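I have placed the structure first, in the form of structure tokens, so that the comments after it can refer back to it.
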């Protein structure tokens, strides 16, 4: 049975969000590669990943507490 492309498409984070940058870095790390995406104007991929991790953590905390939806 073929995979449903719509389920895969909508289950992944939107490109260039913090969650996408973190997930992409994890995917590359599994293949023995370093991060490669920029985030919020930070062109250094390692610094961009750290910034995305902080933003993702803050966003997850806000969602659990019922705070603002960024």
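In the UniProt record's numbering, the protein residues as written are 1 to 70.
Glycine residues also receive a C-beta, built at the ideal position from the N, C-alpha and C atoms.
These numbers come from a predicted model, not from an experiment.
Under the assumption that residue i contacts residue j (Cβ atoms under 8 Å), give the Cβ distance between them as a whole number of angstroms.
i, j, result
"residue 48", "residue 37", "6 Å"
"residue 56", "residue 29", "Between residue 29 and residue 56 the Cβ distance is about 16 Å, and since that is not below 8 Å, they are no contact."
"residue 33", "residue 51", "That pair is no contact at about 19 Å."
"residue 35", "residue 46", "6 Å"
Go to residue i, then tell me how far its alpha helix (DSSP H) extends in each direction, as first and last residue.
i, result
"residue 27", "18-30"
Tell me the DSSP secondary structure of residue i in three-state form.
i, result
"residue 47", "helix"
"residue 55", "helix"
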